[in-house]
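Data first, discussion second: the structure below is written as structure tokens.
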Amino acid sequence: MKKIPFLLIIPITMAVSCMTDKQTDKNPFFGEYNTPYDIPPFERIENEHYLPAIKEGIKQQLEEIDAIVQNPEEPSFENTILELDKSGEFLNRTTNVFFNLNSANSDEDMRELAKEIGPMISEHKDNILLNQGLFERVKAVYDARKNAGTDGGPGYSPAQMHAIEKHYDRFVRNGANLSAEDQEILRKINSQLSSLQIAFGQNLLEETNKNFKLIIDQKEDLAGLPDAVIAGAAETAVENGLEGKWVFTLQKPSMIPFLQYAENRELREKIYRGYFMRGNNQDNFDNKEILKQIAELRAEKAKLFGHETHAHYVIGQNMAKTPENVNSFLERLWEPALKMAKNEVKEMQAIIDAEGGEFELASWDWWYYAEKLRKQKYDLDEAQLKPYFKLENVRDGMFWVAKNLYGIELKKLNNVPMYHPDVEAYEVVEEDGKHVGVLYLDYHPRESKRVGAWCTGYREATYKDGKLVPPVISIVCNFTKPTEQIPSLLTWDEVTTLFHEFGHALHFLFVDGKYNLTAGNVPRDYVELPSQIMENFAAEPQVLKYYGKHYETGETISDELIEKIQKSGHFNQGFITGEYLAAAFLDLAYHNLKAGETIEDVLTFEDDAMSEIGLIEEIIPRYRSTYFNHIFSGEYYSAGYYVYIWAAVLDADAFEYFKQSGDIFNKELAAKFRENCLAKSGDMEGMEAYRLFRGQEPEVAPLLNRRGLNN
Ligand SMILES: [Zn+2]
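Offset between the sequence shown (1-based) and our numbering: plus 117.
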């Protein structure tokens, strides 16, 4: 579930009645929406409405916080945690609309506005988390939490306990528990880290986009490349003022096809070297010194908070809990992946030998020979598949899966607010007709939309006056548009993306947690479980046959094509899993550094980490240190690059449970999954939620099987 990080505090009491200013009369954020399901009145919202409403929201929340701090009564769960948890409703109601529309349907003015609103909100968040009086009250409740109820009272429920700990933790991670001296050190470290991370990202951008280009002026050097790739390279040449030539860049959409198809081995090496040497060229854009400092500063910061390493600091709040757990988890996957990668090398070397090439496979050859192998073993033609994946059919298939699992129905809504004419809205209802929430689906690209696919909430499920307020959720994608002759036909990748986002949507829709900070708010190594499990259903023959109907003839997709789809999931998995795991190990190595330890030389450090796991030289980590953007240009994935495969293990294991039961739509299991892994997911530790559903901890075997790594 995607939660916007700075909106973690959602509010409750709306001081709307006191607003008398004429300015606010026409501003829809200042009044009741008076719309079906209380959906934001999109058609009535103008850009000029945001700023006044957000300023008012900030003001209101500060007043709410002040009331908590000034409360003469002893701090209690009700008068402190609950009030804090409820505060900021007015602000969230506005910012949810603003940030969601800024991604899905924005214009120049809105993007400008975002530059003003972003910093305003993060400053506001800081003001709350640095409020000493507020922290003292939260801490008082936290410190006494285990003794609550010892005088004969009931004590706290597990969900309350979890909410207390999460609220307390937010302050602590912001430095509230540190001495004034240490707070000063923290501020310095944070500001250094922030500049270093920005510099890392900027260098990488220059290195990727400007500092290297493969310029080709001899037509024969294009041998093997598909026409569309050649045409693209000619266009890039024109953009670079090199008309008549062909230019390839280090952007993956340009580089990968070159590596895949170009017969000229020297040129493949040239572009791949350009790619893997980024940030490592001993010039102004070199990232080695920067990342070394980042890793060392993070270790200092972790120590300040009383943690052994940055990895302990980060992973401590995840489902995995400790770096040791992550490490042993990665190792269980590593061995089979490496074994498979070595097999793949052999298979490719056989092709090289058969073609009479007198050389050994090198890292820059991998894509080229893997492509030949793919044709031999797995040939799956996208053009053959697409006619079976008409968007509307895929959508209905996904609704059908949800109905089979959870009994819910999705009913098309007309006459509700729409932020764009291309968008669809559905009411989600339980089997007994009870309203669950509203789901918007926004499929196609347009200029006002950012790229990618995501799921978000205009209103997340929240409790108000003891009653659950149903959510308003939205899925936004960038799928191929229909034309007058041809409907929108999805690629296999787009099919699984739609199911994936729908999984996030179901999580949002089913959340049933009493406290805003914790409801549906799961650790980052858990977030992709609800989404990825749905991808499994998309590929099941039973489901494929339901939605895979030829758009012209209505004919059902053949068993042969279904088999090809399933088999193609095994292609190149030694490499894909191997290069990913190598990067995950590298991430952990940097963040296992202790305060005071230094990195002598970045390249040696990387080499050591890679020889420790026995990485073969035909593969380099998916990201080498000097261009490991995920972990060095920001904090979010530091000591957390492993989360993608952690979630993959979870979803494969969870789906296996359904399969083993003999019915992929097993209603009993679905109910357990909904209750523990979706509805109450934020009320407890991730592993506990999973165990309640599964009866045991996840195993890696189902993922290994799915990727064909268990042979
Ligand atoms: Zn996702």
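Here a beta-carbon is modelled for each residue, glycine too, at the ideal position from N, C-alpha and C. Note that the structure is predicted; figures quoted are calculated from it, not measured.
- Annotation for H747 indicates a beta carbon at 7 Å or more from all heavy atoms of ligand 1.
- DSSP places E180 within a helical segment (H, G or I) once states are collapsed to three.
- Counting only residues of its own chain and dropping the five nearest sequence neighbours on each side, P192 has a CB closer than 6 Å to the CB of R254, A257, V258.
- Counting the other Cβ atoms within 10 Å of the Cβ of T635 gives 16 or more, which makes it buried.
- DSSP places D559 in the strand class (E or B) of the three-state scheme.
- Between L698 and A454, the gap from beta carbon to beta carbon is short of 8 Å.
- Per DSSP, the beta bridge partners of F365 are L331.
- When L199, I245, N164 are compared, the shortest CA-CA separation from T212 is found for N164.
- Counted as a single uninterrupted DSSP element, the beta strand (DSSP E) harbouring I592 occupies residues 589-593.
- Going by beta carbons, F619 and M515 fall inside the 8 Å limit.
- Between ligand 1 and the CB of E785, the shortest heavy atom gap is not smaller than 7 Å.
- By a beta-carbon distance limit of 8 Å, I762 does not contact S480. Their separation comes to about 21 Å.
- Taking C-alpha positions only, L809 is separated from E282 by approximately 21 Å.
- In this structure, L527 sits away from Y505, with a CB-CB distance that is not shorter than 8 Å.
- Counting of Cβ neighbours within 10 angstroms places L820 among the buried residues, the total reaching 16 or more.
- Collapsing the DSSP output to three states places R254 in a helix.
- Assigned with DSSP and collapsed to three states, V289 falls in helix.
- Screening all residues for a C-beta within a distance smaller than 6 Å of any heavy atom in ligand 1 leaves H617, H621, E645, S648, in chain order.
- DSSP lists I592 as the beta-bridge partner residues of C572.
- The three-state secondary structure of E652, taken from DSSP, is helix.
- With respect to V719, S750 sits apart: the two C-beta atoms are not nearer than 8 Å.
- In the three-state scheme derived from DSSP, where H, G and I count as helix and E and B as strand, E526 is classed as strand.
- Remark: C-beta atoms of A764 and L646 approach each other more closely than 8 Å.
- Per DSSP, L585 is one residue of the beta strand (DSSP E) stretching across 584-586.
- When DSSP states are grouped into helix, strand and coil, V644 belongs to the coil group.
- Across the set K551, K520, L556, the C-alpha of L556 shows the shortest separation from the C-alpha of P534.
- In the structure shown, H552 falls within a strand segment according to DSSP collapsed to helix, strand and coil.
- Take the alpha-carbon of F722 and the one of T715: they are about 10 Å apart.
- For L606, the pairing in a beta bridge is given by DSSP as K507.
- The segment 292-311 makes contact with the segment 408-419; the number of CB pairs closer than 8 Å reaches 3 or more.
- Considering only I302, V545, K143, the residue with the shortest C-alpha distance to E160 is K143.
- Contact between the segment 441-449 and the segment 458-470 is absent, with fewer than three C-beta pairs closer than 8 Å.
- About 6 Å separates the beta carbon of F782 from that of L522, a gap short enough to meet the 8 Å contact definition.
- About 6 Å separates the beta carbons of G554 and I590, which is inside the 8 Å limit, making them a contact pair.
- Just so you know, the alpha carbons of V612 and Y560 end up roughly 12 Å apart.
- Within the DSSP secondary-structure output, V719 pairs in no beta bridge.
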